[in-house]
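Colleague: What follows is a single structure, and I will ask about it in a moment.
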Amino acid sequence: GAVMQENLRFASSGDDIKIWDAASMTLVDKFSPHTSPHGISSMCWSTNNNFLVTASSSGDKIVVSHYKNKPFLLFELGEGQKQTCVSLNSTSMYLVSGGLNHTVNIWDLKSKRVHRSLKDHKDEVTCVTYNWNDCYIASGSLSGEIILHSVTTNLSGTPFGHGSNQSVRHLKYSLFKKSLLGSVSDNGIVTLWDVNSQSPYHNFDSTHKAPASGICFSPVNELLFVTIGLDKRIILYDTSSKKLVKTLVADTPLTAVDFMPDGATLAIGSSRGKIYQYDLRMLKSPVKTISAHKTSVRCIAFQYSTALSK
12 GAVMQENLRF ASSGDDIKIW DAASMTLVDK FSPHTSPHGI SSMCWSTNNN FLVTASSSGD
72 KIVVSHYKNK PFLLFELGEG QKQTCVSLNS TSMYLVSGGL NHTVNIWDLK SKRVHRSLKD
132 HKDEVTCVTY NWNDCYIASG SLSGEIILHS VTTNLSGTPF GHGSNQSVRH LKYSLFKKSL
192 LGSVSDNGIV TLWDVNSQSP YHNFDSTHKA PASGICFSPV NELLFVTIGL DKRIILYDTS
252 SKKLVKTLVA DTPLTAVDFM PDGATLAIGS SRGKIYQYDL RMLKSPVKTI SAHKTSVRCI
312 AFQYSTALSK
C-alpha cells in the first residue's frame with residue numbers, strides 16, 4: 012500500500028470540532044468556534060491546509076480558523092446571516108455559503124465581504140460546492156432543487172432535481188468526470204447529473220431505504236463513488252457500468268463520509284458520534300472505530316494531500 016503522508020489530519024464536527032491524526036486515528040486537537048447548540052453543520056479546509064472554514068446549523072456565523080499546530084480564530088463572516096453550509100474555491104480566495112434564508116453568498120476572503128448574493132432558491136439551501144475550475148457553483152435545497160450558477164456570467168440556470176420536496180442532502184462533483192454532479196436526497200435516491208444537460212446521467216433508485224446523508228467520489232479511482240444513509244448502509248458504485256459494486260451495513264445510522272486522499276480508506280461518521288475507518292481492500296468491518304462526538308457526526312473533512320496538490 013501507499014505510504015501515508017506524514018501528519019495528514021482530518022477534521023470531524025458534531026457538538027464541537029475535533030482534529031485527528033489520519034494514520035493513527037488519535038485526537039490531536041479540539042475546539043468550539045460556534046456557540047450553536049445544534050452543532051457544526053459544514054466545514055472545509057483551504058487547499059494549503061492552513062485554515063478551516065466552519066458553519067453551524069443555526070447559521071450564527073461563518074468562522075475561518077487558522078490551523079497549523081493549534082487552531083486559532085482568524086476572522087468571522089456573516090454574523091446572524093443564517094448561513095449553514097460552506098465550500099471554498101480551489102484558490103481558497105473565495106468562499107460560497109448557503110443557508111436558512113434561501114440565499115447563496117459568494118465571499119471574497121481578502122476583503123471579507125460578500126462579493127455576490129444569489130436569491131434563486133425558494134427554500135433553505137442545504138449544500139453548496141464549487142466545480143473543478145471554479146466557474147460554477149452548485150447548490151441544493153430543502154425543496155429538492157439544484158441550481159447551477161455561472162461565476163463567469165453571473166447567471167443562474169433553471170432549477171432541476173427531483174422536486175416534490177425530496178430535500179437534497181449533499182452534492183459533490185466527480186473529481187475525474189468533470190461534468191458529473193452527484194446528489195443524495197431524503198427519499199434515498201442517489202443521482203448522477205450531467206451538468207451540461209442538467210438531466211440525470213443515471214438515477215440509482217431505492218438504493219437507500221431511509222434518507223441518504225452523504226456522497227463522496229474517490230480521489231484516485233475515476234469510476235468509484237460511495238454514498239451513506241440513515242439506513243446504516245454504505246454503498247459503493249461504478250459510474251461507468253452504473254451498477255452497485257458493494258453494500259455494507261453498519262450498526263448505526265450514518266451521517267458523514269470522506270475519502271482519505273490515498274483513496275484506499277474511508278472515514279464514516281454515525282448518528283451516535285462514532286467514526287468508523289474502512290479499508291476498501293477489506294471492507295467486511297471497520298479497521299478502527301473511535302468515539303468522536305457526543306452528538307451525531309455532522310461532517311468529516313480530510314486535509315488535502317501535499318503529494319497531490321497542484
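Note that our numbering gives residue 249 to position 238 of the sequence shown, counting from 1, and the numbers run on in steps of one. The beta carbon of each residue, even a glycine, is placed where N, CA and C say it ideally should be.
(1) Out of curiosity, what's the CA-to-CA distance linking L159 and P170?
(2) Using the three-state DSSP reduction, which class does C146 fall into: helix, strand or coil?
(3) Which residues in the same chain have their Cβ closer than 7 Å to the Cβ of R309, if we skip the five residues on either side of it in sequence?
(4) If you scan the stretch 181 to 262 from start to end, which runs of the beta strand (DSSP E) of 3 or more residues do you find wholly inside it?
(5) Is it a yes or a no for the stretch 39 to 47 touching the stretch 301 to 315, going by three-plus beta-carbon pairs under 8 Å?
(6) Since I believe F228 is in contact with S185 (beta carbons under 8 Å), could you give me their beta-carbon distance rounded to a whole number of angstroms?
(7) Please list the segments of the beta strand (DSSP E) lying wholly inside the stretch 252 to 311, counting only runs of 3 or more residues, in order along the chain.
(8) Measuring CB to CB, does I239 end up less than 7 Å from S224?
(9) Going by alpha carbons, who is nearest to N165 out of D131, A312, V206?
(10) Leaving out the 5 sequence neighbours to the left and right, which residues in its chain are closer than 6 Å to L291 when beta-carbon positions are compared?
(11) Per DSSP, what kind of secondary structure is S314 in: helix, strand or coil?
(12) For T163, which residues in the same chain have their Cβ closer than 6 Å to its Cβ, ignoring the five residues on either side in sequence?
(13) So T263 and K243 are in contact, right, with Cβ under 8 Å, and what is the actual spacing, rounded?
(14) Near L99, which residues of its chain fall below 7 Å by C-beta distance, leaving aside the five closest residues on each side in sequence?
(15) Taking the alpha carbon of M104 as the reference point, which residue from G110, H113, K121 has its own alpha carbon closest?
(16) Whole angstroms are fine: how far does the CA of S108 sit from the CA of T137?
(17) Report the rounded CA-to-CA distance for T140 versus L247, giving the unit in angstroms.
(18) Looking at the structure shown, is T102 part of a helix, part of a strand, or coil, going by DSSP?
(19) By DSSP, does L129 sit in helix, in strand, or in coil?
(20) What is the rounded straight-line gap between the Cα of E135 and the Cα of N116?
(21) Expressed to the nearest angstrom, what Euclidean distance is found between the alpha-carbon atoms of S281 and S307?
(22) Is it right to say S320 is buried, meaning 16 or more other beta carbons lie within 10 angstroms of its own, or is it exposed?
(23) Which residues mark the beginning and the end of the beta strand (DSSP E) in which M54 is found?
(24) For P82, name the three-state secondary structure that DSSP assigns.
(25) Buried or exposed: G110, going by 16 or more other Cβ atoms within 10 Å of its Cβ?
Modeller: Per the coordinate set shown:
(1) Looking at the two C-alpha atoms, the distance is approximately 8 Å.
(2) Here C146 sits in coil by DSSP.
(3) A distance below 7 Å between beta-carbons, with the five flanking residues on each side excluded, links R309 to the following residues of its chain, in chain order: S24, G25, G50, I51, S52, T266, A267.
(4) Counting whole runs of 3 or more residues, the stretch 181 to 262 contains the beta strand (DSSP E) stretches 191 to 196, 201 to 205, 210 to 215, 223 to 228, 235 to 240, 244 to 249, 254 to 260.
(5) When C-beta atoms of the stretch 39 to 47 are compared with those of the stretch 301 to 315, fewer than three pairs fall below 8 Å, so the two segments do not count as touching.
(6) Contact annotation, S185 with F228: C-beta distance approximately 5 Å; criterion of less than 8 Å satisfied.
(7) For the stretch 252 to 311, the continuous beta strand (DSSP E) assignments of 3+ residues that do not extend past its boundaries occur at 254 to 260, 265 to 270, 276 to 281, 285 to 290, 299 to 302, in sequence order.
(8) In this structure, I239 lies near S224, with their beta-carbon atoms less than 7 Å apart.
(9) Cα-wise, what sits closest to N165 is D131.
(10) Closer than 6 Å at the Cβ level, and outside the excluded window around L291, lie A275.
(11) Rather than Ser, the amino acid found at residue 314 in this sequence is Gln. In the structure shown, Q314 sits in coil (DSSP, three-state: anything other than H, G, I, E or B).
(12) Once the five neighbours on either side are set aside, the close Cβ partners of T163 are C146.
(13) Right, their Cβ atoms sit about 6 Å apart.
(14) C55, S57, V64, L106.
(15) Closest option to M104, Cα to Cα, is K121.
(16) Cα-Cα distance, rounded: 10 Å.
(17) Straight across, the Cα-Cα distance linking T140 with L247 is about 22 Å.
(18) Coil.
(19) Of the three classes helix, strand and coil, the one that applies to L129 here is strand, per DSSP.
(20) Distance from the CA of E135 to the CA of N116, rounded to the nearest whole angstrom, comes to 13 Å.
(21) One C-alpha to the other measures close to 6 Å.
(22) Unreliable positioning characterises S320 in this predicted model, as indicated by a pLDDT of 42, which lies under 50. The coordinate reading is nonetheless provided below. The residue in question, S320, is exposed, as its Cβ has fewer than 16 Cβ neighbours within 10 Å.
(23) Here the beta strand (DSSP E) through M54 covers 51 to 56.
(24) Here DSSP, grouped into helix, strand and coil, assigns P82 to strand.
(25) Buried, by the Cβ-count rule.
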